[in-house]
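For the sequence shown, this note's numbering gives the first residue as 4, with consecutive numbering after it.
First the structure, in the form of structure tokens, and then the observations on it.
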Amino acid sequence: MCDVFSEHRDQAATYIEKRTYVHFKNWIEAMLAGDPSRCNCEPKLGAAAVTTVILGARSYREGKVLFFDEMTLTAREADSSWADNWEKRSRERGKPNHIPGWTAGDHGSLLAEPAYMNLAGPWVNGIAPDRS
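Okay, structure coming up:
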């Protein structure tokens, strides 16, 4: 198991007064410095989070499944192609996409099936392949 927070394990959580003020102050300071990396939450992550929330709200209110088209930067009604691609990848035991900037290779993103999941073939008449 990967323990990414081990360096902070013994630190007590601190309450931040006026969190909204502190958040916006950090954002303004990063803009004035012209350095997006000074944001506690980088702008691309914030934009992705807000887009996800807005799509979810619209989807709920309109009773539709929506998809964010990264080429046109617009929301559109989804079709089955997204699910079809994921299901195809799953059947083929394909490798996952990684988050942009991911530097850990496949560590933590690939699953190895336990030995008990390796079947010897298809079930026939309700009988498992390894049973006679």
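Glycine included, C-beta positions come from ideal geometry on N, C-alpha and C.
Where R96 falls: helix, strand or coil (DSSP): coil
Since T77 is in the beta strand (DSSP E), which residue starts that stretch and which ends it? In the DSSP assignment, T77 falls within the unbroken beta strand (DSSP E) covering 77-80.
At least three beta-carbon pairs within less than 8 Å, the segment 57-68 to the segment 29-44: no
Quick one: what's got a C-beta closer than 7 Å to K67's C-beta in the same chain, skipping five residues either side? E80
Going by alpha carbons, who is nearest to A52 out of A36, S84, F71, E65? Just measuring C-alpha positions, the residue of A36, S84, F71, E65 sitting nearest A52 is F71.
For S84 and K21, what's the separation of their Cα atoms in angstroms? 44 Å
Would you kindly check if the distance between the Cβ of P125 and the Cβ of P117 is under 8 Å? no
Beta-carbon proximity check, A78 vs R61, cutoff 8 Å: yes
Checking the sheet assignment: what are the DSSP bridge partners for R72? Arg is not the amino acid found at residue 72; the sequence shown has Asp there. Under DSSP, the beta-bridge partners assigned to D72 are T77.
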